[in-house]
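Line order of the protein sequences matches chains B and V.
Residue 131 in numbering that gives the first Met the number 0 sits at position 132 of the first sequence, with consecutive numbering throughout.
Residue 238 in numbering that gives the first Met the number 0 sits at position 239 of the second sequence, with consecutive numbering throughout.
Where a beta carbon is used, it is the ideal one built from N, C-alpha and C, also for glycine.
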Amino acid sequence: MILHLLKKDISRKFREPFGFLILTSIPLVFSLLIGMIFGPGSGKEPSLKVKILIADRDSSFVSEMFCNVFGGSRMNDLFSMEKTDSLSGRLRMEKGEASALLVIPDGFGDAVLDRKRTSLVLIKNPSEAFAPKIAEQTVSILCEASERLVRIASSPIQVIRKGIREDSEFSEVEIALLAIQIRRLISKVEDILIPPQIAIRDEKAVSQHEEKQPSSVMYTHIISGFLTFFMLFVIEALARDLFQEQDMHTLSRLRTGPVSLAQFVASKQVFLFLMGLLSYSMVWLMAGVFFGLKVPLRIMPVFMAFSVLLLSSLTGIVGLIYSLARTRSQAQEISPALFILFGMLGGAMVSINNLPHFLQGLSVISPVYWGQDGIKILLLRPEDASSVLIHILIFSILTVVFNGAAYLLFYRKFRS
Amino acid sequence: MLTVSHVSKRFKDIAAVQDVSFEIRKGEIFGLLGPNGAGKTTTLNMICSLIKPDSGRIELDGMEVTDKNPGLRKKLGVVPQDVALYEEFSAVDNLKFWGGLYGLKGTPLKSRIAEVLSLVGLEERSRDRMKTYSGGMKRRLNLACGMIHNPGLLLLDEPTVGIDPQGRHAMLDMIRRAAKSGTTILYTTHYLDEAESLCDRLCIMDHGRVLATGNQDEIKRIVGENRIFKVTGVFEARNAEEMPGRIPELTLLSLRPNEVLYSLPVRQQTGKLIETLIASGFQIENLSIKEPSLDSVFLKLTGKELRD
Numbered sequence: 000m001i002l003h004l005l006k007k008d009i010s011r012k013f014r015e016p017f018g019f020l021i022l023t024s025i026p027l028v029f030s031l032l033i034g035m036i037f038g039p040g041s042g043k044e045p046s047l048k049v050k051i052l053i054a055d056r057d058s059s060f061v062s063e064m065f066c067n068v069f070g071g072s073r074m075n076d077l078f079s080m081e082k083t084d085s086l087s088g089r090l091r092m093e094k095g096e097a098s099a100l101l102v103i104p105d106g107f108g109d110a111v112l113d114r115k116r117t118s119l120v121l122i123k124n125p126s127e128a129f130a131p132k133i134a135e136q137t138v139s140i141l142c143e144a145s146e147r148l149v150r151i152a153s154s155p156i157q158v159i160r161k162g163i164r165e166d167s168e169f170s171e172v173e174i175a176l177l178a179i180q181i182r183r184l185i186s187k188v189e190d191i192l193i194p195p196q197i198a199i200r201d202e203k204a205v206s207q208h209e210e211k212q213p214s215s216v217m218y219t220h221i222i223s224g225f226l227t228f229f230m231l232f233v234i235e236a237l238a239r240d241l242f243q244e245q246d247m248h249t250l251s252r253l254r255t256g257p258v259s260l261a262q263f264v265a266s267k268q269v270f271l272f273l274m275g276l277l278s279y280s281m282v283w284l285m286a287g288v289f290f291g292l293k294v295p296l297r298i299m300p301v302f303m304a305f306s307v308l309l310l311s312s313l314t315g316i317v318g319l320i321y322s323l324a325r326t327r328s329q330a331q332e333i334s335p336a337l338f339i340l341f342g343m344l345g346g347a348m349v350s351i352n353n354l355p356h357f358l359q360g361l362s363v364i365s366p367v368y369w370g371q372d373g374i375k376i377l378l379l380r381p382e383d384a385s386s387v388l389i390h391i392l393i394f395s396i397l398t399v400v401f402n403g404a405a406y407l408l409f410y411r412k413f414r415s
Numbered sequence: 000m001l002t003v004s005h006v007s008k009r010f011k012d013i014a015a016v017q018d019v020s021f022e023i024r025k026g027e028i029f030g031l032l033g034p035n036g037a038g039k040t041t042t043l044n045m046i047c048s049l050i051k052p053d054s055g056r057i058e059l060d061g062m063e064v065t066d067k068n069p070g071l072r073k074k075l076g077v078v079p080q081d082v083a084l085y086e087e088f089s090a091v092d093n094l095k096f097w098g099g100l101y102g103l104k105g106t107p108l109k110s111r112i113a114e115v116l117s118l119v120g121l122e123e124r125s126r127d128r129m130k131t132y133s134g135g136m137k138r139r140l141n142l143a144c145g146m147i148h149n150p151g152l153l154l155l156d157e158p159t160v161g162i163d164p165q166g167r168h169a170m171l172d173m174i175r176r177a178a179k180s181g182t183t184i185l186y187t188t189h190y191l192d193e194a195e196s197l198c199d200r201l202c203i204m205d206h207g208r209v210l211a212t213g214n215q216d217e218i219k220r221i222v223g224e225n226r227i228f229k230v231t232g233v234f235e236a237r238n239a240e241e242m243p244g245r246i247p248e249l250t251l252l253s254l255r256p257n258e259v260l261y262s263l264p265v266r267q268q269t270g271k272l273i274e275t276l277i278a279s280g281f282q283i284e285n286l287s288i289k290e291p292s293l294d295s296v297f298l299k300l301t302g303k304e305l306r307d
């Protein structure tokens with residue numbers, strides 16, 4: 000009987016598939032757009048560099064060191080540095096041509112070397128969210144590093160300073176002695192100076208991974224959060240059929256026949272799950288076709304178990320909302336509000352790290368968080384697939400609890 | 000075939016059905032006649048176990064009908080008042096689904112689909128989506144889906160509501176043909192003419208109560224060989240109440256402001272009643288006379304016309 004009802008619902012959906020296809024196509028269209036912008040065939044690589052302008056009024060070797068850091072090969076992947084004067088730099092900032100403008104004042108180098116108070120001016124582009132922050136963080140790390148370097152290496156630095164001031168040439172012995180002194184110092188202080196460099200190396204590690212499929216990693220990041228969040232909406236749209244059967248009076252008619260209410264409710268829950276799974280599979284299929292996103296075969300069973308339980312728990316969540324709502328419009332109003340909350344907390348819209356601290360702790364209550372995290376692990380770190388077992392366990396619990404509760408509430412609702 | 004014994008149902012403060020009893024015999028068309036709100040649909044819903052009676056018992060072929068007995072419900076065919084079908088499907092798809100629900104499949108299902116499509120005259124449009132059908136066609140398909148599994152008892156809840164006179168006529172014809180093929184039918188309606196032309200036996204209901212049950216002759220005998228006089232105009236209530244004392248065999252049925260109902264045997268002269276009314280100070284605005292009929296029965300039993 001459940002199969003007969005299920006066949007009817009699926010058949011109805013495919014007779015008028017427009018709405019379902021539109022819904023399912025949204026993540027595909029979204030993905031295609033990303034692909035067209037950043038994909039291998041677009042001729043563009045993702046422009047993730049932070050453009051920084053430096054107005055160096057000091058022209059000391061200290062200020063040069065700052066310029067070299069931003070323009071050097073180590074930071075080349077992260078920053079695009081251009082020297083300018085203070086006035087034209089400000090004008091270009093007003094036009095929004097860079098993420099930040101660093102103004103190094105006259106006498107900055109001497110002040111640093113004499114360990115006197117001084118300041119740098121950093122003008123940030125207000126229309127950009129993250130890039131100016133990256134510039135600010137880097138400048139602040141450089142300031143701290145310079146200060147520590149001057150404290151630790153005051154002796155060789157003063158020798159170099161004096162040489163530069165007097166424009167005298169260093170003998171080979173002096174250079175050798177300085178080199179040994181500096182080498183020793185570096186080995187002492189590298190624990191302090193290395194952290195920013197380590198951060199840069201991490202970025203490079205991702206870039207190396209991206210060399211083969213520049214868009215697939217980015218797509219994985221986007222789809223992992225977006226897909227779970229989006230599937231809630233797909234299942235919610237399908238759940239409207241529950242009330243539709245009431246409105247069409249077919250539910251009453253079914254109940255006058257040999258269909259029990261339990262069979263009707265169960266068939267609807269299976270329908271929501273199967274159609275959600277179909278939509279989910281279509282997204283992955285297209286992701287494979289357009290972005291070469293592939294699940295390694297060795298983790299396929301884990302991926303499938305994860306996906307099935309993710310979808311069944313989302314079905315339970317939507318089912319519970321609909322079973323608690325008094326009317327269809329109430330369900331349709333509550334659902335998106337709750338989904339957006341889940342999306343926000345789960346990192347589908349904003350990175351969890353950018354959420355206020357107290358909200359970061361609440362992320363774990365969002366199914367989007369677990370969905371996103373699980374997909375990222377499975378696709379980006381398949382060697383850690385076993386760590387998804389906790390996600391599978393959580394989704395199993397959600398599946399049983401939410402679907403069970405939804406079933407009982409629906410049964411009671413339709414019975415009355 | 001179906002026995003309804005002392006069934007009652009309340010919805011909060013409203014007594015929807017009160018102590019209703021009747022029996023439907025195999026092969027007959029049994030009519031539940033009454034105005035809107037009389038309790039017909041509630042009674043029907045209890046018969047098909049959509050709602051549970053507060054008291055009383057409903058038996059089909061000697062077995063109690065409850066929602067815990069889906070097997071017994073297979074013997075019932077229900078045609079709800081509202082069209083309850085899937086608009087995305089064609090007539091054939093709808094019939095396949097509803098037939099499949101009752102266990103029909105393969106060749107028996109196909110041949111039954113052909114039979115009912117022919118009965119309701121939808122063969123030519125059978126593959127078209129239902130949403131392209133007219134209101135009358137949808138109602139015919141609604142009827143066909145209720146009959147697809149060849150039920151022992153077909154419950155029809157005002158199936159002609161909202162259909163044009165021609166469509167209504169055709170629908171009644173289909174129901175007659177279904178009855179001829181051996182299906183027992185419970186037909187609810189508030190149309191007297193439908194009940195009169197279609198039903199073998201009737202149960203008249205109002206305010207949740209059974210007012211009369213029997214075949215048409217038995218029911219008409221309730222009013223006897225009496226005409227019902229409905230007088231509207233200006234008159235003193237006291238004068239209206241005193242009228243039966245002035246004319247032998249005149250019975251006062253109901254009295255409302257500016258409206259009074261009397262019953263008078265056909266052998267008595269109408270002219271005498273009118274003369275007496277005028278002599279008693281009645282300023283008659285309108286006087287209507289109903290010959291013995293279901294309408295006059297209803298009028299006599301309830302003091303109001305069915306269309307009121």
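Look up residue i in the DSSP assignment and give the residues it is bridged to.
i      : result
V/T2   : V/E22, V/E58
V/F228 : V/Y261, V/I288
B/Y321 : Partner(s): none; B/Y321 has no beta bridge.
V/N149 : Per DSSP, none; premise fails for V/N149.
V/N214 : V/R200
B/E81  : B/L52
B/E143 : In the DSSP output, where bridge partners are listed per residue, B/E143 has none listed.
V/D156 : V/T187
For the beta strand (DSSP E) that residue i lies in, which residues bound it at each end?
i      : result
V/D205 : 200-205
B/V120 : 120-123
B/A384 : Here B/A384 belongs to no beta strand (DSSP E), and DSSP marks it neither H nor E.
Between residue i and chain B, is the shortest Cβ-Cβ distance under 9 angstroms, so that the two count as touching?
i      : result
V/V209 : no
V/K25  : no
V/K8   : no
V/P69  : yes
V/L1   : no
V/Y85  : yes
V/R128 : yes
V/G105 : no
V/K73  : yes
V/Y186 : no
V/F228 : no
Against chain V, does residue i count as a neighbour if the rule is that its beta carbon must be under 9 angstroms from one of theirs?
i      : result
B/R252 : yes
B/R380 : no
B/R14  : yes
B/L260 : yes
B/S266 : no
B/G256 : yes
B/T249 : yes
B/M0   : yes
B/E210 : Note on B/E210: pLDDT 44, under 50, position unreliable in the model; the coordinate value appears next. Cβ-Cβ to chain V under 9 angstroms: no for B/E210.
B/R239 : no
B/R11  : yes
B/H356 : no
Could you give the residue range of the alpha helix (DSSP H) that holds residue i?
i      : result
V/D172 : 164-179
B/R14  : 1-14
V/G36  : Neither: V/G36 is in no alpha helix (DSSP H) and is coded neither H nor E.
Kindly indicate which three-state DSSP category residue i falls into: helix, strand or coil?
i      : result
V/R312 : Within the shown structure, residues of chain V are numbered from 0 to 307, placing residue 312 of chain V beyond reach of any answer.
B/L86  : helix
V/D294 : helix
V/A14  : strand
B/Y406 : helix
V/Y85  : coil
B/G279 : The question names Gly, yet the displayed sequence has Tyr at residue 279 of chain B. Note: B/Y279 maps to helix in three-state DSSP.
V/S7   : strand
B/I103 : strand
- prompt: Can you list the alpha helix (DSSP H) stretches of 4 or more residues lying completely in the region 328-366 of chain B, in chain order?
  reply: 356-359
- prompt: Between the region 10-42 of chain V and chain A, which residues of the former have CB atoms less than 9 angstroms from a CB of the latter, in chain order?
  reply: Absent from the structure: chain A. Protein chains present are B and V.
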